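*Asks:* Structure incoming, see below.
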Amino acid sequence: MAAVDSENERLIGEAIDDLSKDKTIITIAHHLNTIRDSDQIIVMDKGVVLDAGSHEELMKRCDFYKDMVEAQNKVDRW
Numbered sequence: 005m006a007a008v009d010s011e012n013e014r015l016i017g018e019a020i021d022d023l024s025k026d027k028t029i030i031t032i033a034h035h036l037n038t039i040r041d042s043d044q045i046i047v048m049d050k051g052v053v054l055d056a057g058s059h060e061e062l063m064k065r066c067d068f069y070k071d072m073v074e075a076q077n078k079v080d081r082w
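Per my numbering: the sequence shown = residues 5 to 82.
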C-alpha cells in the first residue's frame with residue numbers, strides 16, 4: 005500500500021480486518037503500521053528469521069524490529 009494515501013490505507017485495513025475474521029492472513033509489509041495489530045509477526049533479515057511474536061513482544065526483545073519501528077516512526081513524523 006505504498007502508493008495509497010493514509011485515509012485510503014486506513015479504509016483498506018478496516019476492510020481486510022472485516023474480511024479476515026477467523027481466517028489466516030499472510031501479509032508481507034514494509035510499512036510496519038500495516039502489521040502492528042497482527043497476532044503473530046515474523047521478523048526476517050536477508051532471508052533469516054530473527055524472531056516472532058506480537059508487536060508488543062517484539063518491541064521488548066527484538067532490537068532489529070524495535071530499531072525498524074523507531075526509524076519508521078521518525079520518518080512518518082518528518
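Built from N, CA and C at the ideal position, the CB exists for glycine as well. It should be emphasised that the depicted structure is a prediction, and the values quoted were computed from it without experimental measurement.
(1) For residue 68, which residues from the same chain have a beta carbon less than 8 Å from its beta carbon, with the 5 sequence-adjacent residues on both sides left out?
(2) From what residue to what residue does the alpha helix (DSSP H) around residue 19 run?
(3) Please name the residue in 18, 12 and 34 whose C-alpha comes closest to that of residue 75.
(4) Got a sec? Which residues, its chain only, sit under 6 Å from residue 73 by beta carbon, not counting five neighbours each side?
(5) Nearest to residue 45 by CA position, among 27, 66 and 81, is which residue?
(6) Out of 9, 71 and 40, which has the shortest C-alpha to C-alpha gap to residue 59?
*Replies:* A quick look at the data gives this:
(1) Here the question's residue 68 lines up with position 64 in the sequence shown. Excluding sequence neighbours, residue 68 sits near 47, 49, 54 and 55.
(2) Counted from its first residue, the sequence shown places residue 19 at position 15. From DSSP, the alpha helix (DSSP H) with residue 19 extends over 10-23.
(3) By one-based count along the sequence shown, residue 75 stands at place 71. For residue 75, the closest C-alpha among the options 18, 12 and 34 is that of 34.
(4) The residue labelled residue 73 in the question sits at position 69 within the sequence shown. Hits under 6 Å: 36.
(5) As a working note, residue 45 is residue 41 in the sequence shown. Distances from the CA of residue 45 to each of 27, 66 and 81 were compared; the closest alpha carbon is that of 66.
(6) The residue given as residue 59 occupies position 55 in the sequence shown. Cα-wise, what sits closest to residue 59 is 40.
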